[in-house]
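For the sequence shown, our numbering assigns the number 1288 to the initial residue and increments by one for each residue that follows.
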Amino acid sequence: MKVIVANHSGFCFGVEKAIHTAFDEVNNNSNIKRDIYTLGPLIHNQQAVNKLENDGIKVIGHLNEVSDGTVIIRSHGVSKNIYDIAYEKKINLVDATCPFVRKIQNIVKEYKEKGYNIVIIGNPDHPEVVGINGWCNNEAYVVKTEDDIEKIPFLDKMCIVVQTTMSTSLYLKLTDILEKKAIDVVKFNTICSATRDRQESARDLAKEVDVMIVVGGYHSSNTQKLVEICKEEKPNTTFHIETASELPINLLGGYETVGVTAGASTPKWIIDEVIEKINSL
């Protein structure tokens, strides 16, 4: 059995930056002895979050849960009002927002001030989208399907951005429809380059192998997109797992080539364990 790993897989720049930021805080905190928190899970990978908790970084859901200490803003970013609350409560805020996400926040803030209606293509419940919306007074139209677009009235001015982990095909499909809903339209393809590279690499690999293993958190948006893409090429032999223990060993024996890809929030050590276990068959 031959195992082939996708050219682009595992931690992206934004996630790696967030992880390093968190561990730097732990190291810098050795003398200060200040409690460290992340506002929501730092990344969408439970194993990585567990490791951070073992090192003393606790997860909180709201700033009201703390009165002091250090709070790390996760890679997904947060609404503008979070910074205001932290300032009022005198909480030490450490910002690990992904630079690609920060770019979108700046775009919607700028164009909202210019009088544009903001449209975000993405999952309305995803923390990245919730955070972006918070930079335009939570007044953005969030769309994920054609049905969502039908609910938008005809507008004078529209600014379109897209969640960093959306598929390019969905972005192109929905923007084509959205452009007919306003007189003046500006659009920004804010899907991050790492996401595009992972998706293209996963599709190319899925065409070459018998089986695809996608490693990543079940709540990770970018991992779910990789699963969808791989299933388009290998509908019956694409498997989504979080750890090596979930490998469908009994289903792999009859195949010659196995492809492995991983979401942007999947640590290298988890990917290595999966590859090692497949190689041991």
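Here a beta-carbon is modelled for each residue, glycine too, at the ideal position from N, C-alpha and C.
| request: Would you tell me roughly how many angstroms separate the C-alpha atoms of F1475 and L1461, rounded to the nearest one? | output: As a working note, residue 1475 is residue 188 in the sequence shown. As a working note, residue 1461 is residue 174 in the sequence shown. Cα to Cα, the separation comes out at about 13 Å.
| field | Integer-rounded CB distance, given that K1289 should sit under 8 Å from E1543 | value | The residue you call residue 1543 lines up with position 256 of the sequence shown. The residue you call residue 1289 lines up with position 2 of the sequence shown. The pair is a contact, with the Cβ atoms about 6 Å apart (cut-off 8 Å).
| If we call anything under 8 Å between Cβ atoms a contact, is L1248 one with I1369? | No information on residue 1248 is available, as it lies outside the stretch 1288 to 1568 that the chain covers here.
| field | Sequence ranges, beta strand (DSSP E) only - wholly within the region 1370-1458, length at least 3 | value | Counting whole runs of 3 or more residues, the region 1370-1458 contains the beta strand (DSSP E) stretches 1379-1382, 1404-1408, 1428-1430 and 1442-1449.
| message | Taking 8 Å as the threshold (C-beta atoms), are K1494 and E1520 in contact? | response | Working through the sequence shown from its first residue, we reach residue 1520 at position 233. Working through the sequence shown from its first residue, we reach residue 1494 at position 207. Yes, Cβ-Cβ distance for E1520 and K1494 is below 8 Å.
| query | In whole angstroms, what is the alpha-carbon distance linking D1471 and E1400? | reply | Translated into the one-based positions of the sequence shown, residue 1471 becomes position 184. Translated into the one-based positions of the sequence shown, residue 1400 becomes position 113. C-alpha separation (whole angstroms): 15 Å.
| request: May I ask you to report which of helix, strand or coil DSSP gives K1367? | output: Working through the sequence shown from its first residue, we reach residue 1367 at position 80. DSSP places K1367 in helix when its eight states are reduced to three.
| query | For I1557, which residues of its own chain have a beta-carbon under 7 Å away from its beta-carbon, when the five flanking residues on both sides are left out? | reply | In the sequence shown, counting from the first residue as 1, residue 1557 sits at position 270. Within the same chain, Cβ atoms closer than 7 Å to the Cβ of I1557 are found at Q1334, V1502 and T1530, the five residues on either side in sequence being excluded.
| Does the Cβ-Cβ distance between V1383 and V1406 come in under 8 Å? | By 1-based counting over the sequence shown, the position of residue 1383 is 96. By 1-based counting over the sequence shown, the position of residue 1406 is 119. Checking the displayed sequence, the identity of residue 1383 turns out to be Ala instead of Val. Going by C-beta atoms, A1383 is not nearer than 8 Å to V1406.
| request: Please name the residue, chosen from V1547, G1541, H1506 and S1507, that lies closest to F1526 on a Cα-to-Cα basis. | output: Translated into positions along the sequence shown, residue 1526 becomes position 239. Taking the Cα of F1526 as reference, the smallest distance to any Cα among V1547, G1541, H1506 and S1507 is reached at V1547.
| message | Please return the same chain residues whose Cβ sits closer than 6 Å to the Cβ of K1345, not counting the five positions on each side in sequence. | response | Within the sequence shown, numbered from 1, the residue matching residue 1345 stands at position 58. The answer, listed in chain order, is Y1324.
| query | Among V1388, I1439 and N1404, which has the Cα closest to the Cα of I1419? | reply | Taking the sequence shown and counting its residues from 1, the one referred to as residue 1419 is at position 132. The residue with the shortest Cα to Cα distance from I1419 is V1388.
| Residue span of the beta strand (DSSP E) that contains T1525, given as start and end | Within the sequence shown, residue 1525 is the residue found at index 238, counting from 1. Start and end: T1525 to I1528.
| Nearest-angstrom Cα separation, counted from L1442 out to I1478 | Taking the first residue of the sequence shown as 1, we reach residue 1478 at position 191. Taking the first residue of the sequence shown as 1, we reach residue 1442 at position 155. Distance from the CA of I1478 to the CA of L1442, rounded to the nearest whole angstrom, comes to 24 Å.
| field | Range covered by the alpha helix (DSSP H) that runs through I1347 | value | Here residue 1347 corresponds to residue number 60 of the sequence shown, with the count starting at 1. No alpha helix (DSSP H) contains I1347, which is instead part of the beta strand (DSSP E) from I1344 to I1347.
| field | Limits of the unbroken beta strand (DSSP E) element including A1549 | value | The residue you call residue 1549 lines up with position 262 of the sequence shown. DSSP places A1549 in the uninterrupted beta strand (DSSP E) bounded by T1544 to A1549.
| query | Among Y1505, A1489 and H1506, which has the Cα closest to the Cα of V1498? | reply | Locating residue 1498 in the sequence shown gives position 211, counting from the first residue. Of all alpha-carbon atoms in Y1505, A1489 and H1506, the one lying nearest the alpha-carbon of V1498 is that of A1489.
| request: Please name the residue, chosen from S1366, T1455, A1469 and V1365, that lies closest to Y1403 on a Cα-to-Cα basis. | output: Stepping through the sequence shown from its first residue, residue 1403 is reached at position 116. Comparing Cα-Cα distances from Y1403 to each of S1366, T1455, A1469 and V1365, the minimum goes to A1469.
| message | Can you give me the C-alpha to C-alpha distance between H1307 and I1565, rounded to a whole angstrom? | response | Indexing the sequence shown from 1 puts residue 1307 at position 20. Indexing the sequence shown from 1 puts residue 1565 at position 278. For H1307 and I1565, the gap between their C-alpha atoms comes out near 29 Å.
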